[in-house]
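All the letters of the sequence shown, read from the start, carry residue numbers 1023 to 1155 under the working numbering. C-beta: ideal position from N, C-alpha, C; glycine also.
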Amino acid sequence: MHWVYKKKPDLSQFGFVYLITNIKSGKAYVGCKHYYNFKKSKGKTKKTESNWKSYVGSSKHLCEDIKKIGKNNFSFKILAEFKNKRSLRYYECYYQIKYNVLTATLKGTEEAAFYNNYVGGKFFRPVQHYDEC
1023 MHWVYKKKPD LSQFGFVYLI TNIKSGKAYV GCKHYYNFKK SKGKTKKTES NWKSYVGSSK
1083 HLCEDIKKIG KNNFSFKILA EFKNKRSLRY YECYYQIKYN VLTATLKGTE EAAFYNNYVG
1143 GKFFRPVQHY DEC
């Protein structure tokens, strides 16, 4: 397992918010992952363990970089665990805003510091840059 956390992951929780960082470039990604997959069948909810142990994020560009330079060139950190989906989604958004994932740039460059292209599925990285007056 590649996830680093201050304690052993608590599988009684719903899921976790994470930070994946490209060690070579410093570019990062903030996301969330469920510990379990939930399926409804005949009025009953069945939970099975998800692929969280081997999961490497959902960003296309992040996954491309992991394939290109290798998983060993990335750090995988669990920021916090949450007991329900509502809290998980809230704090994923909270950390994305806290780290300014849409506007932060790598030091000394204009390159985006995060692989994230949106926050909470509602706020997206602009497709063009504008000049202030």
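Reduced DSSP category for N1094 - H, G, I as helix; E, B as strand; rest coil: Taking the first residue of the sequence shown as 1, we reach residue 1094 at position 72. Correct three-state label for N1094: helix.
Identified DSSP bridge partners for S1063: The sequence position of residue 1063 within the sequence shown is 41, counting from 1. Residue pairing by DSSP places S1063 opposite K1066 in a beta bridge.
Buried/exposed call for K1055, threshold 16 Cβ in 10 Å: Start at 1 with the first residue of the sequence shown, and residue 1055 comes out as number 33. When all chains shown are included, K1055 counts as buried.
Nearest to K1075 (by Cα), restricted to the options N1095, S1063, K1099: The residue labelled residue 1075 in the question sits at position 53 within the sequence shown. Nearest C-alpha to K1075: K1099.
Supposed contact pair I1045 and L1084 - C-beta distance, whole angstroms, cut 8 Å: Residue numbering aside, residue 1084 sits at position 62 when the sequence shown is read from its first letter. Residue numbering aside, residue 1045 sits at position 23 when the sequence shown is read from its first letter. About 13 Å separates the two Cβ atoms, so there is no contact after all.
Contacting residues, own chain, Cβ-Cβ under 8 Å from L1053 (five flanking each side not counted): Taking the sequence shown and counting its residues from 1, one reaches residue 1053 at position 31. For the record, residue 1053 in the displayed sequence is Gly; it is not Leu. So the list reads V1039, Y1040, I1042, G1079, S1080, S1081, E1114, N1138, once near-sequence residues are dropped.
Top-ranked residue by Cα proximity to A1050, from V1123, G1142, K1029: In the sequence shown, counting from the first residue as 1, residue 1050 sits at position 28. Of the candidates V1123, G1142, K1029, the one whose C-alpha sits nearest the C-alpha of A1050 is V1123.
Integer Cβ distance of T1070 from N1059, believed to fall under 8 Å: The residue labelled residue 1070 in the question sits at position 48 within the sequence shown. The residue labelled residue 1059 in the question sits at position 37 within the sequence shown. Contact between T1070 and N1059 holds, since their C-beta atoms are separated by about 5 Å, short of 8 Å.
For Y1137, the three-state DSSP class (helix, strand or coil): Your numbering for residue 1137 matches position 115 in the sequence shown. In the structure shown, Y1137 sits in coil (DSSP, three-state: anything other than H, G, I, E or B).
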